[in-house]
Each structure stands twice: as C-alpha cells, then as structure tokens.
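So in the numbering used here, the last spot in the sequence shown is 337, and the numbers never skip.
Report on one structure; see the data block that follows.
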Amino acid sequence: MSANSQFGKQGWTPARIDSLAGKTYLITGTTSGTGFEAARILLGKGAEVVMLNRNEQKAAGVIADLKQRVGAGSKVSNVKMDLADLASVRAAAEEILTKVPKIDALICNAAIAQVPQQQLTKDGFESQLGVNHYGHFLLCSLLFDRLNESRGRIVVVASEGYKMGSKTIQFDDMNWDKNYSPNAVYSQSKLAQMMFAYELQDRVKAAGKQVTAYVCHPGASATSLIENSGSRMSKIIFGLMAKTPLVQSAEKGAYGQVMLATEPTENLDQKAYYGPTGFQNFTGPVRASEVAPHAQDKVTMERLWSVSEKAVGFTWNI
Ligand SMILES: NC(=O)c1ccc[n+]([C@@H]2O[C@H](COP(=O)([O-])OP(=O)(O)OC[C@H]3O[C@@H](n4cnc5c(N)ncnc54)[C@H](OP(=O)(O)O)[C@@H]3O)[C@@H](O)[C@H]2O)c1
Numbered sequence: 020m021s022a023n024s025q026f027g028k029q030g031w032t033p034a035r036i037d038s039l040a041g042k043t044y045l046i047t048g049t050t051s052g053t054g055f056e057a058a059r060i061l062l063g064k065g066a067e068v069v070m071l072n073r074n075e076q077k078a079a080g081v082i083a084d085l086k087q088r089v090g091a092g093s094k095v096s097n098v099k100m101d102l103a104d105l106a107s108v109r110a111a112a113e114e115i116l117t118k119v120p121k122i123d124a125l126i127c128n129a130a131i132a133q134v135p136q137q138q139l140t141k142d143g144f145e146s147q148l149g150v151n152h153y154g155h156f157l158l159c160s161l162l163f164d165r166l167n168e169s170r171g172r173i174v175v176v177a178s179e180g181y182k183m184g185s186k187t188i189q190f191d192d193m194n195w196d197k198n199y200s201p202n203a204v205y206s207q208s209k210l211a212q213m214m215f216a217y218e219l220q221d222r223v224k225a226a227g228k229q230v231t232a233y234v235c236h237p238g239a240s241a242t243s244l245i246e247n248s249g250s251r252m253s254k255i256i257f258g259l260m261a262k263t264p265l266v267q268s269a270e271k272g273a274y275g276q277v278m279l280a281t282e283p284t285e286n287l288d289q290k291a292y293y294g295p296t297g298f299q300n301f302t303g304p305v306r307a308s309e310v311a312p313h314a315q316d317k318v319t320m321e322r323l324w325s326v327s328e329k330a331v332g333f334t335w336n337i
C-alpha cells in the first residue's frame with residue numbers, strides 16, 4: 020500500500036480515529052488556531068491533553084472553552100511555558116516530567132510569523148528562530164527520554180514557507196543582524212524545525228531508540244498567526260485572502276498534526292511531509308506530499324543540530 024492510498028479520496032480526517040482513552044498528548048500553543056483545534060479534536064476522542072502556553076490567563080479561558088465544547092470531564096490542563104525564554108522551557112519540562120508519566124506525542128505547534136522588525140528573545144536569539152526552532156529543540160531534548168520510554172512521537176508543525184527564502188540556514192548570521200527580512204527569517208525558522216525532525220529520525224535509528232518524528236504543515240488556515248505577529252501590510256493581505264477559498268478553517272489546518280499524533284505508525288512515513296494537497300498545498304485532502312530536497316540536506320541538518328545544541332546549552336546523548 021502506498022503512503023497515501025489508505026486515506027482515500029478525501030484524505031485523512033478525524034473520522035479515522037477510534038477512541039484515544041488512555042493516551043496523553045502535549046501541544047504547544049493552544050490559545051488559538053490549529054493548536055486549539057487539535058486539542059479539541061483529541062479531547063473529543065477521549066485523550067488527555069496537556070497544553071503548553073505562555074499566558075496562564077488565556078490558557079485558563081481555553082480550558083473553560085474546551086470543557087464547554089467537549090465536556091466538563093475533559094482531561095485538559097496547562098503548563099506555563101514561554102518558548103522565547105529557555106529558562107521557562109526548562110521549568111516547563113521539569114513540571115511535565117513530574118506530572119506526565121507517559122507522553123504519546125508532543126506536538127510542536129506554537130509559532131510566531133513574519134515579525135516586521137528584528138526582535139530578540141530573552142536569551143538573545145532572533146525571535147522567530149528562537150521561538151519556533153530553539154525553544155522547541157530544547158523542549159524536545161528535555162522530554163526525549165520520557166518520549167522514548169513511552170514509545171512516543173514528536174510532531175513538528177512546519178510551513179510551506181520552507182520553500183521560500185534562502186532554502187538553507189544562514190549559519191554566519193543566525194540572528195539576521197545584517198539582512199533581517201520578516202518572511203525569509205520565518206521561512207528559515209520553519210525549515211530549521213523540519214531539519215530538526217529529519218535529523219532526529221536518523222539519530223534515533225542509529226541509537227536504536229523508540230521515538231518517531233513526523234513533519235506536517237497546515238496549508239493556509241484561518242488562524243491568528245499573522246494577526247498576532249505580522250506587519251500591518253501582511254495582516255491586510257492575509258485578511259483579504261482568508262475571505263477566499265484559498266484559505267481553509269483552522270480545524271482543517273489541525274488535521275495534519277492530529278493525524279501524525281494518532282494514526283498507526285505503520286500507515287505513516289517519517290521522511291514524508293504531510294498536509295493539504297490541493298492547489299499550492301493551501302487546502303485540500305490531507306496526505307503526504309513531496310518534500311523538497313533542501314529540507315533533508317544532511318550536511319546542513321548535522322551542522323544545524325550542533326549549532327542548536329550550543330545555542331540552547333544541551334547536548335543530546337544520541
Ligand atoms: N495559519 C497558517 O496558515 C499557517 C501556515 C503555515 C504554517 N503555520 C504553522 O501552524 C502553527 C500554528 O499556528 P497558527 O496558524 O494556529 O497560529 P496562531 O493562531 O497564532 O497560534 C500560535 C500559537 O503559538 C503560541 N505562541 C506564540 N509565541 C509563543 C511563545 N513564545 N511561547 C509559547 N507559545 C507561543 C500562541 O500563543 P499566545 O496566545 O500566547 O500568543 C498561539 O497559541 C505554527 O507552527 C505556524 O508556523 C500556520
């Protein structure tokens with residue numbers, strides 16, 4: 020059977036999920052957009068969801084909202100974590116290791132995009148690379164052993180943006196001090212997240228570990244992403260685009276990540292790239308699509324791994 024044939028003409032949908040009772044999923048960034056929808060779908064199938072959000076007040080509102088939509092008995096909680104602050108990521112991982120004995124999947128969903136001017140995280144990284152890549156890289160490293168004991172998965176939420184910009188990593192100026200550009204920097208941060216997942220797969224295999232890692236993207240989905248961090252112009256453009264059929268709902272945008280967290284592993288291909296497969300991959304049936312070779316360039320993936328280890332101050336044992 021090919022990587023896609025079992026999903027049929029309509030592609031993957033949550034109808035494929037039976038019960039998720041007894042499963043626990045961690046999702047970063049669930050206050051809006053695809054993360055919120057993924058939490059809602061997983062809870063609706065009986066799973067426990069541990070959300071990781073920086074804003075505790077917003078998270079409390081999200082918990083109330085989810086309980087109202089899915090049921091008062093839903094097992095949903097929040098661990099405070101700001102991906103723009105590595106100390107906060109370390110504290111969150113410590114709390115998770117105390118509270119969550121088994122992790123079926125960690126979904127790296129949170130992001131900022133197209134930040135108009137260069138901004139730095141608390142640790143001095145350019146903000147899009149810092150939040151989207153370095154923050155998640157550290158979180159995954161700190162939870163790796165627990166994921167391994169759980170035979171769990173890491174799901175990286177990437178973007179079609181990885182095909183834009185320089186299509187590589189600008190190692191000589193990781194903070195983009197010389198040539199900051201909102202789109203190119205976002206594209207590179209999403210490419211870095213993908214390279215992390217593909218490199219992790221190779222290391223897991225070589226070390227005989229039990230974690231699987233997958234990459235998806237939500238196409239073009241009506242979420243708060245551009246509204247939250249983009250420029251005025253990008254907000255206007257995306258706002259207009261969102262009124263057309265070129266943009267799908269946030270719920271459909273969540274299908275890829277929910278699929279990679281729940282579908283039996285024998286039906287998935289780790290080296291693939293999953294998401295909507297209609298026009299320009301904006302909307303349409305969710306299944307595997309071609310991944311451009313630059314996202315799996317081994318020399319760049321290995322170099323990025325060691326640069327990332329140095330940046331976050333953590334050396335993996337694989
Ligand atoms: N929407 C699209 O068309 C599209 C296209 C390609 C890829 N994506 C990807 O899809 C994923 C989900 O984004 P979305 O579209 O659903 O956007 P969204 O509605 O803006 O959701 C982003 C989430 O990330 C959280 N977040 C931002 N900065 C954070 C930080 N420093 N620490 C912790 N959480 C943080 C936000 O929380 P706050 O409420 O605290 O800000 C929010 O919950 C992202 O990885 C994005 O790159 C989206």
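Glycine included, every Cβ here is placed at the ideal spot set by N, Cα and C.
This structure is a prediction, so every number in the text was calculated from the model and none was measured.
Buried or exposed for residue i, please, with buried defined as at least 16 other CB atoms from any protein chain shown within 10 angstroms of its CB.
i, result
"Met-252", "exposed"
"Leu-141", "Rather than Leu, the amino acid found at residue 141 in this sequence is Lys. Under this definition Lys-141 is an exposed residue."
"Met-20", "Because the pLDDT of Met-20 is 46, which lies under 50, any placement of that residue in the model is unreliable, and the number read from its coordinates should be weighed accordingly. Classification of Met-20: exposed, given that the 10 Å Cβ count is below 16."
"Arg-88", "exposed"
"Lys-209", "buried"
"Asn-336", "exposed"
"Asp-101", "buried"
"Phe-144", "buried"
Report the three-state DSSP secondary structure of residue i (helix, strand or coil).
i, result
"Val-82", "Residue identity differs from the one stated: residue 82 is Ile in this sequence, not Val. Correct three-state label for Ile-82: helix."
"Gly-30", "strand"
"Met-20", "With a pLDDT of only 46 at Met-20, under 50, the local geometry of the prediction cannot be trusted, and no value is derived from it."
"Ser-185", "coil"
"Thr-231", "strand"
"Asn-128", "coil"
"Val-266", "coil"
"Val-119", "coil"
"Asn-167", "helix"
"Lys-99", "strand"
"Tyr-217", "helix"
"Ala-241", "strand"
"Pro-295", "strand"
"Ala-314", "helix"
"Leu-287", "coil"
"Val-277", "helix"
"Glu-145", "strand"
What separation, rounded to the nearest whole angstrom, lies between the Cα atoms of residue i and residue j?
i, j, result
"Asp-221", "Lys-290", "10 angstroms"
"Gln-189", "Gln-76", "37 angstroms"
"Lys-99", "Ser-185", "34 angstroms"
"Gln-138", "Gly-249", "12 angstroms"
"Leu-287", "Gly-27", "14 angstroms"
"Glu-270", "Gly-52", "8 angstroms"
"Leu-265", "Leu-259", "10 angstroms"
"Thr-231", "Arg-172", "5 angstroms"
"Val-326", "Ala-112", "21 angstroms"
"Ser-160", "Arg-73", "19 angstroms"
"Phe-333", "Asp-164", "14 angstroms"
"Val-119", "Ala-177", "26 angstroms"
"Met-214", "Ala-83", "36 angstroms"
"Ala-34", "Gly-63", "11 angstroms"
"Gly-80", "Ala-129", "17 angstroms"
"Val-174", "Thr-47", "11 angstroms"
"Gly-303", "Thr-296", "5 angstroms"
"Phe-281", "Tyr-181", "Before going further, note that residue 281 is Thr rather than Phe in the sequence given. Spanning the two alpha carbons is a distance of roughly 25 angstroms."
Tell me which residue opens and which closes the beta strand (DSSP E) that residue i is part of.
i, result
"Met-70", "67-72"
"Ile-337", "Here Ile-337 belongs to no beta strand (DSSP E), and DSSP marks it neither H nor E."
"Ala-40", "Where Ala-40 is concerned, there is no enclosing beta strand (DSSP E), given that its DSSP letter is neither H nor E."
"Ala-307", "305-308"
"Val-174", "172-176"
Taking the alpha helix (DSSP H) that residue i belongs to, which residues open and close that run?
i, result
"Leu-16", "Residue 16 lies beyond the range of the chain shown here (20 to 337); nothing can be said about it."
"Asn-247", "244-248"
"Ala-58", "52-63"
"Leu-259", "251-260"
Regarding residue i and ligand 2, is the C-beta to nearest heavy atom distance less than 7 angstroms?
i, result
"Val-318", "In the structure shown, ligand 2 is absent; the only ligands present are ligand 1."
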